[in-house]
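2 protein chains.
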Amino acid sequence: MVTLKEIAQMCGVSISTVSNIINGKSNVGEDTRRKVLEVIKQTGYKPNYFAQGMRKQKTRIVGIIVEDLNLFSTTPIVGAIMAYFEDHDYRTILIDMRLYDKWQDTWYNDEQKIQSVLQPSIKELLSIKVDGIVYIAGHCRIINCFPNDFKIPAIVVYGLSKNPRFTSVIIDDKKGGYDITKYLISAGHRRIGVIAGTADNLHTMNRSLGYQQALFEEKILFNPDLIRYGDWMRESGYSEAEYLVNSGVTAIFCMNDIMAAGAYDYLYEKGIKIAEDISVAGYDNNVISEYLRPALTTNEIQLNEIGQESAKVMLKMLENKYIPSKNPDIIEIPCRLVTRESVKKYKLEPASGNTVVS
Amino acid sequence: MVTLKEIAQMCGVSISTVSNIINGKSNVGEDTRRKVLEVIKQTGYKPNYFAQGMRKQKTRIVGIIVEDLNLFSTTPIVGAIMAYFEDHDYRTILIDMRLYDKWQDTWYNDEQKIQSVLQPSIKELLSIKVDGIVYIAGHCRIINCFPNDFKIPAIVVYGLSKNPRFTSVIIDDKKGGYDITKYLISAGHRRIGVIAGTADNLHTMNRSLGYQQALFEEKILFNPDLIRYGDWMRESGYSEAEYLVNSGVTAIFCMNDIMAAGAYDYLYEKGIKIAEDISVAGYDNNVISEYLRPALTTNEIQLNEIGQESAKVMLKMLENKYIPSKNPDIIEIPCRLVTRESVKKYKLEPASGNTVVS
DNA sequence: TTGTAGGCGTTATCAA
DNA sequence: TTGATAACGCCTACAA
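For the protein sequence lines, the chains are A and B, in the order given. Convert by adding 5 to the 1-based position in the first sequence; the result is the number in the working numbering. Convert by adding 5 to the 1-based position in the second sequence; the result is the number in the working numbering.
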């Protein structure tokens, strides 16, 4: 790889002249500039990042830490962030903590486990001298990522920073739960069961809130029995669907598509026709939702938008142009309702008594 | 971030002594060593990679270039590679060329387009001074990645290097096609249709070869009409399934799971019972295969193994310990048959005349 | 308009 | 056993 020095020698000028030309300084003669530029092009010179990074204390590298790259939500976010930074002449370096890989489901309430991987990862990035760090969570939790005296810009994506000093970018789960419930209600359903995620999960709580809000607005009594807590897995969708069907619901809102698939399993087994006999909605717009039969109506998590927005915020921070609009600064990205075949109009039998769910 | 100099000052010793201790040199007094080590621990000192990389000409960073991170096959490979290097004290830097994002399907026969993104990416990594480069293709093609005089170790994964100097790691498609066909035959099928990928694709060609080999071994006449070329998309699975059903096949081997889903669409629409009336097999073990009904028998591409093997080879190269076993050096990773519900025993009616497919 | 010198943090060489 | 010094490639203040 060619260096400044070599270019200078080839052109018969000094190193600083070449440097000045590259950095667009105006104090260089036209002839010299042309000649040097020519040689640079020929040799395909590129500055050495290490030398550059050492000299200026900026590297134009942004570090991305992900909890687990194999989660369906993580890659699109990462992709969008990388794309954005690439377009703005920043490089990114990605660290995959592989938390699920290492500990399956046992880590996210175990601060110690997380920190034991997170701290070295952060130090790693710091020693690479990244200009900023983006932390991407695997699901929405309150996360203690960065110490209060953290020196470089940092944000938390798809999770909430415990420390209000750091901006968080999350999805608007409350509105998500609200929208999908409203949609179900607009299709005539009034007895709507929910297969929720784990009870202590923020997604679960906020989507439930949205669900309740929608019921309230439509003057439907909220029956807590109709909220069943699963564990996001297919099997729990199956078993909770059984319960809800026996409770006489006409529609089921599953808080992810995987559990919706589990509900499908149950309904199929029992010969209950989805869309005809009962409506089902999911959440995430996971690839599988297109391949379930009937295709699943769901709420798309706009992962690209999340990534892009995060990158945008980070870039502003790097340029010292970011002003948080509130404190704590939480940016909520809306979900997008994707209507497919699994929800059908429910015909109310008049005086059937199910106008109000009891 | 603490520097060597500061540590030296705090301990009242010289910079070189500290450096020697960190690098495990033996020419240091026991007392000094203990004291310095103590301070290093307290301050959480980590060497500055830029300074280090500048000094030694090695960075212990491996560059990974992917054609598109959003492809289902890419992330697991990347994950496995990162994991392996992390365990061996190497860092990785990932560049996502986003080829599909930029040009959809129009790039992979367009050398110019590819090179216009690839060359800057390589230069980028070179200027970061990575010790080696792993190129991950989105699908198997002959790819012209690296020039003949490339200075650092480089390999091509999930694709074939045009230049035989570079090692390639690919899947064993021939055996894959063979295995799945054998399996279908062992279930009693003799008239087996194929929904292949695009005709000029290496996956298509090799899987077809495996299919033919299996037929040959079982003394089944190969009927070229039963190979239909799709374009890997769901719709083409639908239409080619129609053709094959009309040709009277008892089983369909789809060269990816997406097209198998398309075949499902057709069969479902026509009321043809999968597994009962006709058997279907896919390829990839895409997530969706578990959610199709009946669950799809398919051939798993062992992406983790591919990643791991690639990383292993690259590491050996970095340590100058790699000796290619053949030239060109192509490492083939076998696929793994995943049997589910979509293939059922076909009962031969005696003297039905379909022992030999004509 | 161009060139010189110093320093970013580390390691290697050599001298003390 | 320890320390001074040069060098890696680049940028910048300042001198010429």
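We treat Cβ as the ideally placed atom computed from N, Cα and C, and that holds for glycine.
DSSP, reduced to helix, strand and coil, places residue 166 of chain B within a strand of the structure shown. Interface criterion not met: the Cβ of residue 90 of chain B is under 8 Å from no Cβ in chain A. Just measuring C-alpha positions, the residue of B:293, B:292, B:273 and B:291 sitting nearest residue 284 of chain B is B:273. Counting only runs of at least 4 residues, the region 296-347 of chain B fully encloses the following alpha helix (DSSP H) elements, listed from N- to C-terminal order: 308-323. Residues of chain A with a Cβ closer than 7 Å to the Cβ of residue 101 of chain B are, in chain order, 84 and 87. Relative to the Cα of residue 68 of chain A, the nearest Cα in the group A:212, A:278, A:134 and A:32 belongs to A:134.
Relative to the Cα of residue 123 of chain B, the nearest Cα in the group B:136, B:149 and B:110 belongs to B:149. The Cβ-Cβ distance between residue 338 of chain A and residue 310 of chain A falls below 8 Å. Taken in chain order, the unbroken stretches of alpha helix (DSSP H) that lie wholly in the region 128-203 of chain B and span 4 residues or more are 178-191. Note: residue 258 of chain A is bridge-paired with A:199 and A:286 in the DSSP secondary-structure output. Residue 98 of chain A is positioned such that its CB atom lies no closer than 8 Å to that of residue 126 of chain A. DSSP, read as helix, strand or coil, puts residue 65 of chain B in coil. Counting only the Cα atoms, residue 8 of chain B lies some 46 Å from residue 167 of chain B. Apart from the 5 residues on each side of it in sequence, residue 252 of chain A sits with its Cβ closer than 7 Å to the Cβ of 198, 230 and 231 in its chain, given in chain order.
Straight-line measurement puts the Cα of residue 188 of chain B at about 38 Å from the Cα of residue 260 of chain A. 8 Å or more divides the Cβ of residue 300 of chain B from the Cβ of residue 349 of chain B. Residues of the region 7-18 of chain B with a C-beta atom less than 9 Å from some C-beta of chain A do not occur. Secondary structure at residue 101 of chain A: strand, using DSSP grouped into helix, strand and coil.
Between residue 312 of chain B and residue 83 of chain B, the C-beta spacing is below 8 Å. With the rule of 3 Cβ pairs closer than 8 Å, the region 290-298 of chain B does not count as touching the region 234-251 of chain B.
For residue 50 of chain B, there is no enclosing alpha helix (DSSP H), as DSSP marks it with neither H nor E. In this chain, the alpha helix (DSSP H) harbouring residue 89 of chain B covers 79-92. By alpha-carbon distance to residue 80 of chain B, the top candidate from B:340, B:142 and B:321 is B:142. In the DSSP assignment, residue 232 of chain B falls within the beta strand (DSSP E) that extends over 232-234. Just so you know, the alpha carbons of residue 162 of chain A and residue 177 of chain A end up roughly 13 Å apart. For residue 250 of chain A, the enclosing alpha helix (DSSP H) starts and ends at 239-251. Sequence-distant partners of residue 266 of chain B (beyond 5 residues in either direction) whose C-beta falls short of 7 Å from its own C-beta, in its chain, are 239, 242, 293 and 297.
Per DSSP, the unbroken alpha helix (DSSP H) holding residue 22 of chain B starts and ends at 20-27. By the criterion of at least three beta-carbon pairs nearer than 8 Å, the region 50-65 of chain B is in contact with the region 51-62 of chain A. For residue 12 of chain A, the enclosing alpha helix (DSSP H) covers residues 9-16. In this structure, residue 41 of chain A sits near residue 16 of chain A, with a CB-CB distance shorter than 8 Å. With a contact defined as Cβ atoms closer than 8 Å, residue 159 of chain A and residue 137 of chain A qualify at about 6 Å. Residue contact with chain B for residue 78 of chain A: absent (no Cβ-Cβ distance below 8 Å to any residue of chain B). Residue 70 of chain A has A:100 and A:140 as its beta-bridge partners, per DSSP. The Cβ atoms of residue 341 of chain A and residue 302 of chain A do not sit closer than 8 Å to each other. Around the beta carbon of residue 204 of chain A, fewer than 16 other beta carbons sit within 10 angstroms, so the residue counts as exposed.
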